[in-house]
Amino acid sequence: MRHQKKFNHLGRKSAHRKAMLSNMAASLIIHKKIHTTVAKAKALRIYVEPLITKSKDDTTHSRRTVFSYLQSKEAVTELFREISKKIMERPGGYTRILKTGNRFGDNAEMCLIELVDYNEAMLLPKDDGKAKSTRRKRSGAKKKEEKPGNETAPEVS
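Just add 270 to the spot in the sequence shown (first one is 1) and you have the working numbering.
This is the structure in structure tokens:
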């Protein structure tokens, strides 16, 4: 029985899975978004969010701990220099998964996983009011009243 075992093994041995998640996390940190399957993105979210949280505390110990997971000096430098400054006030939820449909070859669910603070299109304020149209409509009742030949004669009593 597999009670309380929620981690997705992604059909790989543990060494392959750790290497794949390490490479995907480094790519996500460097490029700020990657295109992958939904199952891998959910596993990556569990893998990378604690590393981003650890980057808030810029110490030698936290850098070495993150490097042991990522195995990429460029990704660690990017994480501690750029990303940690942007996410300092955020209490969690550093990634966003946007589903993009199914893959053509095997119909796998695909998605885009990205760092939340780096999508400028989502950060822009929304306009709640609708754009005003230039066309004006007039009701039929007003047209009849405005025509000069449509006036009625005043009543004489």
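For each residue, glycine too, the CB sits at the ideal point set by N, CA and C.
Since the model is a prediction, treat every value here as computed from it, not as a measurement.
Contact test: residue i Cβ vs the ligand HEM heavy atom, cutoff 8 Å
| i | result |
| --- | --- |
| C381 | Judged by which ligands are present, the structure shown has none, so any question about the ligand HEM falls away. |
Through-space distance from residue j to residue i, alpha-carbon basis
| i | j | result |
| --- | --- | --- |
| R373 | K312 | 17 Å |
| I357 | S325 | 9 Å |
| G281 | L291 | 13 Å |
| M392 | E384 | 11 Å |
| R406 | L349 | 54 Å |
| S284 | V308 | 19 Å |
| D328 | K288 | 24 Å |
Assumed close pair residue i, residue j - CB separation to whole angstroms, cut-off 8 Å
| i | j | result |
| --- | --- | --- |
| I316 | I353 | Their Cβ separation, rounded to whole angstroms, is 18 Å, which puts I316 and I353 out of contact at 8 Å. |
Within 9 Å, strictly: CB atoms of residue i and residue j
| i | j | result |
| --- | --- | --- |
| V336 | T365 | no |
| L321 | Y339 | yes |
| L382 | K303 | yes |
| V386 | R360 | yes |
| H305 | M380 | yes |
| A296 | E344 | yes |
| K310 | M294 | yes |
Residue i (DSSP reduced to helix, strand or coil)
| i | result |
| --- | --- |
| H441 | As displayed, the chain neither begins before 271 nor continues past 427, which places residue 441 out of reach and without an answer. |
| E425 | coil |
| H301 | helix |
| T307 | strand |
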